[in-house]
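Counting in the UniProt record's numbering, the sequence shown runs from 1 upward without gaps.
In what follows, a single structure is set out as structure tokens and then discussed.
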Amino acid sequence: MGLGQVLVEIQPQELKFAFELKKQISCTVQLVNKSTDYVAYKVKTTSPKRYCVRPNTGIILPRSTCDFTVTMQAPKEVPPDMQLKDKFLVQSTVVPYGTTDEDIMPSFFSKENGRYIQENKLRVVLASPPHSPVVEPINGVRQEPALENPDSAETCIFDDGALQHELANEVPILRKTSVLHNGAPKHEAIHENPLLEKACISSNQALNEVPDIISSPVAKDIDDLKFKLNNLEVKLNEAEKTIMSLKKENNATLQEGEKLQQEIALLRLKSSARVQAGFPFLFVVFIAFVSMTLGYLWHS
Numbered sequence: 001m002g003l004g005q006v007l008v009e010i011q012p013q014e015l016k017f018a019f020e021l022k023k024q025i026s027c028t029v030q031l032v033n034k035s036t037d038y039v040a041y042k043v044k045t046t047s048p049k050r051y052c053v054r055p056n057t058g059i060i061l062p063r064s065t066c067d068f069t070v071t072m073q074a075p076k077e078v079p080p081d082m083q084l085k086d087k088f089l090v091q092s093t094v095v096p097y098g099t100t101d102e103d104i105m106p107s108f109f110s111k112e113n114g115r116y117i118q119e120n121k122l123r124v125v126l127a128s129p130p131h132s133p134v135v136e137p138i139n140g141v142r143q144e145p146a147l148e149n150p151d152s153a154e155t156c157i158f159d160d161g162a163l164q165h166e167l168a169n170e171v172p173i174l175r176k177t178s179v180l181h182n183g184a185p186k187h188e189a190i191h192e193n194p195l196l197e198k199a200c201i202s203s204n205q206a207l208n209e210v211p212d213i214i215s216s217p218v219a220k221d222i223d224d225l226k227f228k229l230n231n232l233e234v235k236l237n238e239a240e241k242t243i244m245s246l247k248k249e250n251n252a253t254l255q256e257g258e259k260l261q262q263e264i265a266l267l268r269l270k271s272s273a274r275v276q277a278g279f280p281f282l283f284v285v286f287i288a289f290v291s292m293t294l295g296y297l298w299h300s
């Protein structure tokens with residue numbers, strides 16, 4: 001793959017998050033493999049503590065697509081001018097045919113060996129959350145929506161995990177504004193509409209149907225790590241058992257070798273004792289022959 005050639009096309013070209021305080025925000029990015037080779041990708045960020053990328057590495061098959069999700073941790077405050085300087089870098093390179101996600105190594109993304117690596121930078125864009133409609137000014141006085149007033153709208157509080165709605169029926173909701181002759185605004189108050197109570201009850205039922213716990217990518221990563229640690233512990237236990245059995249076999253082999261050496265030493269002692277106890281048979285025959293010869297010569 002030569003320089004300047006496009007391996008992977010990224011859609012979209014920027015990470016756009018609908019910003020909301022104290023709420024995790026996710027954005028999905030699609031990678032399109034434009035080549036006929038297996039392509040490995042890796043995602044890096046300048047703020048790893050703020051974002052979670054899942055998966056941050058992977059293999060894209062030839063002429064196919066692959067997605068990864070970027071999750072922004074729940075922000076605690078609004079950034080200045082709704083802008084962040086965070087950047088993401090997507091690296092992609094050709095890998096051997098048949099490479100899997102488990103085969104990915106850091107050396108794949110090293111330029112020291114002359115490997116071509118495509119790099120794409122993605123910037124982070126924050127979009128303002130949708131605002132509630134604002135009532136147009138009447139007689140020069142700007143009106144905010146009635147439900148945005150915490151004193152006159154529905155109040156929701158948490159009590160032991162359950163949502164309880166307390167309607168401020170005693171406080172009237174401001175609906176209209178008129179101007180007196182002296183220029184001071186006059187508010188005409190009307191009480192709650194029964195339809196609003198029904199809407200609150202239906203919203204309460206809808207909230208109760210929402211699951212209490214939403215699994216986040218971080219929790220999934222923790223579960224995966226726990227699962228891998230459990231597997232490693234099982235493998236370590238099996239390895240320890242194997243080592244113990246090998247040690248026992250080795251000790252048994254050493255004991256058998258010592259016994260054999262002792263038996264060989266005993267056999268050597270017995271054989272030497274037999275040699276020292278009497279004369280060899282050939283020596284006796286030789287002496288007898290010499291004696292007979294001398295006796296014959298003596299008598300003759």
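For glycine and all other residues, C-beta sits at the position ideal for the given N, C-alpha and C.
How do the stretch 21 to 28 and the stretch 99 to 111 stand: do at least 3 beta-carbon pairs fall below 8 angstroms, yes or no? The stretch 21 to 28, when compared against the stretch 99 to 111, does not touch it at the 8 angstroms Cβ threshold.
For the structure I just gave you, are there three or more beta carbon pairs, one from the stretch 110 to 117 and one from the stretch 76 to 89, closer than 8 angstroms? no
Grouping DSSP H, G and I as helix and E and B as strand, with all else coil, what is Asp223? helix
Determine, using beta carbons only, whether Cys52 and Val218 come nearer to each other than 8 angstroms. Contact: yes.
Going by DSSP in three states, Val218 sits in which element: helix, strand or coil? When secondary structure is reduced to three states using DSSP, Val218 falls in the helix class.
Classification of Thr69 by the beta-carbon crowding that lies within 10 angstroms, buried from 16 upward: Thr69 counts as exposed, since fewer than 16 other beta carbons sit within 10 angstroms of its beta carbon.
For Glu9 versus Val125, is the C-beta distance shorter than 8 angstroms? The criterion of a C-beta distance shorter than 8 angstroms is not satisfied by Glu9 and Val125.
From Ser35 to Ala239, what does the alpha carbon distance come to, in whole angstroms? 44 angstroms
If you drop the 5 nearest sequence neighbours on each side, which residues of the same chain put their C-beta closer than 7 angstroms to that of Ile287? Correct list: empty, nothing qualifies.
Can you give me the C-alpha to C-alpha distance between residue 321 and Met105, rounded to a whole angstrom? In this structure the chain extends from 1 to 300, so residue 321 is not present and cannot be described.
To the nearest angstrom, how far is it from the Cα of Pro12 to the Cα of Ile222? 29 angstroms
Please list the terminal residues of the continuous beta strand (DSSP E) segment that includes Ala40. Run containing Ala40: Tyr38 to Thr45, per the beta strand (DSSP E) assignment.
Simplified DSSP state of residue 353, which is helix, strand or coil: Lying before the first or after the last residue shown, residue 353 is absent from the chain, which here runs from 1 to 300.
Tell me which residues share the same chain as Asn120 and place their Cβ nearer than 7 angstroms to its Cβ, disregarding the 5 neighbours each side in the sequence. Ile10 and Val90
Nearest to Ile60 (by Cα), restricted to the options Pro75, Gln30, Thr71 and Met72: If you compare the alpha carbons of Pro75, Gln30, Thr71 and Met72 with that of Ile60, the shortest gap goes to Gln30.
Please name the residue, chosen from Lys270, Leu260, Arg123 and Lys241, that lies closest to Thr46 on a Cα-to-Cα basis. Taking only the C-alpha atoms, the option nearest Thr46 is Arg123.
According to DSSP, Tyr51 sits in a beta bridge with which residue or residues? Met72
Select from Gly58, Arg50, Asp37 and Val32 the residue whose C-alpha is nearest the C-alpha of Val43. Gly58
Applying the 10 Å Cβ sphere with the 16-neighbour rule, what's the burial state of Tyr41? buried
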